[in-house]
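The working numbering applies: residue 17 is where the sequence shown begins, and numbers increase by one.
Cβ coordinates follow ideal geometry from the N, Cα and C atoms, glycine included.
Predicted model only: the values in this text are computed from it and were never measured.
One structure is given here, and the rest of the page talks about it.
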Amino acid sequence: MQIQMDMTERDKKLLYRLGIVVILAIFILLAIRPLYISMKEKDEDIAAAEETKQILDEKCAMLPGLQEIDANLQTEIQELQSDYYEPMYSAQIDELLTNYMLGKGLMAKDMVISMPTDTVVMEPYVNSEAGKKAAGIVTEEAETEQETEITTELESEETEETAETESSENSGTESIASITNTEVTDTTASGIYAVTVSMKVQGTDENITKMLDDIDGLRPSTRVVSCKWEAVGKEAVQNEDGEIELQESENQQLQLTLQLFMTGLK
C-alpha cells in the first residue's frame, strides 16, 4: 500500500518559517547567549572595579591628612625620645659613667652593668588607683560607681522614653570621663629600656653629694635606685720618703645603683 502526501503551499510556508525559527534559536544558543553571559560577567567585573576604585580614591583623599598625622607623631616621638639615651653597648655605658665620675672628681669601681631584655614595666605606687587595682583592692569609689550603674540600669527599665534619655546622658558622661580621666592603667613604658648599673663611688663627701644632686637633675634619662654610705677604711698612701703605708682615708664611699633609660637596644 503506497501513501502519497502532497504538500500544499501553506505547508511549505509553515515549514519555511519553522526553519527560520530553529535557525534563530540555534544562533541565539550558540552565539548570542554566551556573548550575553560574557557581557554580564564583564559588567559585574566593571562594577567591582568601580567599587574598588571608589575605595582607593577615598583612601588617596585621606592620604595627605594621614601623612601629616604621621609626621606630627614622628616629631612628637623624637621629642619625647630626646630625653633618653640612645641605644648603647655595656662598654659604652661603662665609659660614659667612668668619665662622668672622673669629671666630678670621683672614682668609680666594681661596676656591674645589667642589660635589659625587654621594655620597662614600672610598678605603680601601692596607694595609687593603679596600684590598688593591680593588688585587687576594690575602693569605695569603685563600689559607689558599681552601685550607681546598677541603679541606673534598674531605673532605665521603667519606660522606653526614660531609657533613651538616660542612655544619652550616660553616653555623654562616659565621653567626658574618657577625656578627663587621667588614671594610669598601663604601666609599660613603650619602647624604653632600663639598664641597671651598680658601682662603688669614692671621693669627698662634698663631691659625692654634688654628683647625686646632678644625677637627680638628669631625669628622666637617669634615676637613682638606691645608695648607701660605706666605710672606706685604710688605703695605701706613699709618704714623703717614698714608702707605702696604710692610712685612714679621707674619702667617702657610696654604694650606688642607677638606672639609665634608653630608646632601644644594640
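Q.
Taking the alpha helix (DSSP H) that Glu57 belongs to, which residues open and close that run?
A. Along the sequence shown, read from residue 1 onward, the residue named residue 57 stands at position 41. Per DSSP, Glu57 belongs to the alpha helix (DSSP H) from Arg49 to Gln97.
Practice problem: State whether the stretch 124-137 contacts the stretch 229-246, with contact taken as three or more CB pairs (one from each stretch) at a distance under 8 Å. | Solution: no
Report task. For Lys149, name the three-state secondary structure that DSSP assigns. Result -> As a working note, residue 149 is residue 133 in the sequence shown. It is helical.
Have a look at Leu234 and Leu228 and give me their C-alpha separation to the nearest angstrom. As a first step, residue 234 must be located in the sequence shown, where it is residue number 218. As a first step, residue 228 must be located in the sequence shown, where it is residue number 212. C-alpha separation (whole angstroms): 10 Å.
- Query: Does the stretch 209-222 come within contact of the stretch 264-272, defined as at least 3 CB pairs closer than 8 Å?
  - Reply: yes
**Asked** Just reading off the beta strand (DSSP E) that Lys244 is part of, what are its end residues?
**Response** Working through the sequence shown from its first residue, we reach residue 244 at position 228. Per DSSP, Lys244 belongs to the beta strand (DSSP E) from Thr238 to Glu246.
Can you look up Tyr32 in the DSSP assignment and give me helix, strand or coil?
Here residue 32 is taken as the residue at index 16 of the sequence shown, counted from 1. Three-state DSSP puts Tyr32 in a helix.
Burial state of Ile109, where buried means 16 or more other Cβ atoms lie within 10 Å: Along the sequence shown, one-based indexing puts residue 109 at 93. With 16 or more Cβ atoms within 10 Å of its Cβ, Ile109 is classed as buried.
query = From Met127, Glu25 and Tyr105, pick the residue whose C-alpha is nearest to that of Thr1; which is it?
reply = As shown, the chain starts at 17 and ends at 282. That puts residue 1 outside it, with no answer to give.
Proximity of Val211 and Leu276 at Cβ, strictly below 7 Å: As a first step, residue 211 must be located in the sequence shown, where it is residue number 195. As a first step, residue 276 must be located in the sequence shown, where it is residue number 260. Yes; because the gap between Cβ atoms is below 7 Å, this pair is in contact.
Starting from Thr273, follow the beta strand (DSSP E) in both directions and report where the run begins and ends. In the sequence shown, residue 273 corresponds to position 257, counting from 1. Taken as a continuous stretch (DSSP letters only), the beta strand (DSSP E) holding Thr273 covers Gln268 to Met278.
* Exposed unless 16 or more other CB atoms sit within 10 angstroms - verdict on Leu79 -> On the sequence shown, residue 79 is found 63 positions in, with the first residue counted as 1. Its Cβ having fewer than 16 others within 10 Å, Leu79 is exposed.
Check your understanding: Can the beta-carbon of Thr279 be found closer than 7 Å to that of Gln97?
Key -> Numbered from its first residue, the sequence shown carries residue 279 at position 263. Numbered from its first residue, the sequence shown carries residue 97 at position 81. Yes.
Query - As assigned by DSSP and simplified to three states, the class of Gly258 - result: On the sequence shown, residue 258 is found 242 positions in, with the first residue counted as 1. Coil at Gly258, not helix or strand.
Requested in this report: Take the Cβ of Ile224 as the centre, count every other Cβ of all protein chains shown within 10 Å, and call the residue buried at 16 or more, exposed below.
Outcome: Walking along the sequence shown from the start, residue 224 turns up at place 208. With 16 or more other Cβ atoms within 10 Å, it is buried.
Return helix, strand or coil for Met227, following the three-state DSSP convention. Within the sequence shown, numbered from 1, the residue matching residue 227 stands at position 211. Residue state, collapsed to three classes: helix.
For this session: Compute the distance between the beta-carbons of Val248 and Ile129, then report whether it is under 7 Å.
Result: Within the sequence shown, residue 248 is the residue found at index 232, counting from 1. Within the sequence shown, residue 129 is the residue found at index 113, counting from 1. No, these two residues do not count as a Cβ contact at 7 Å.
Cβ neighbours of Leu262 in the same chain (closer than 8 Å, five flanking residues each side left out): Residue numbering aside, residue 262 sits at position 246 when the sequence shown is read from its first letter. These residues qualify, in order along the chain: Lys250, Glu251, Ala252 and Val253.
Leaving out five residues before and five after Lys125 in sequence, what residues of the same chain have Cβ atoms less than 6 Å from its Cβ?
-> The sequence position of residue 125 within the sequence shown is 109, counting from 1. Cβ within range, chain order: Lys216.
**Study point:** Buried versus exposed, by CB contacts within 10 Å (16 or more), Met104
**Key:** As a position in the sequence shown, residue 104 is number 88, starting the count at 1. Flag for Met104 reads buried.
Discussion item. Below 8 Å on the Cβ atoms is my contact criterion, and I expect Lys208 with Tyr100 to pass it. Report the Cβ-Cβ distance as a whole number of Å.
Written reply: Numbered from 1 along the sequence shown, position 192 holds the residue referred to as residue 208. Numbered from 1 along the sequence shown, position 84 holds the residue referred to as residue 100. It is worth fixing the name first, because residue 208 is Ile in this sequence and not Lys. With a Cβ gap of about 6 Å, Ile208 and Tyr100 count as contacting.
Count the other C-beta atoms from every protein chain shown that fall within 10 angstroms of the C-beta of Leu122, then say buried if there are 16 or more, exposed otherwise. As a first step, residue 122 is located in the sequence shown; it is residue number 106 there, counting from the start. Buried: at least 16 other Cβ atoms inside 10 Å.
Check your understanding: What's the gap between the Cα of Glu11 and the Cα of Leu112?
Key -> Shown here, the chain extends from 17 to 282; a query on residue 11 therefore has no answer.
Suppose you measure from the CA of Glu74 to the CA of Glu92; what does that come to, to the nearest Å? Counted from its first residue, the sequence shown places residue 74 at position 58. Counted from its first residue, the sequence shown places residue 92 at position 76. Roughly 27 Å separates the two Cα atoms.
Is Thr212 helix, strand or coil when you go by DSSP? Looking up residue 212 in the sequence shown gives position 196. Thr212: strand per DSSP, three-state reduction.
Beta strand (DSSP E) segment containing Met117, residue limits: Counting from 1 along the sequence shown, the entry for residue 117 is found at position 101. First-last for Met117: Ser106 to Gly119, but that is the alpha helix (DSSP H), not the beta strand (DSSP E).
Taking only the alpha-carbon atoms, compute the straight-line gap between Leu57 and Arg26 and give it to the nearest angstrom. Indexing the sequence shown from 1 puts residue 57 at position 41. Indexing the sequence shown from 1 puts residue 26 at position 10. Looking at the sequence shown, residue 57 is not Leu but Glu. The alpha-carbon atoms of Glu57 and Arg26 are separated by roughly 44 Å.
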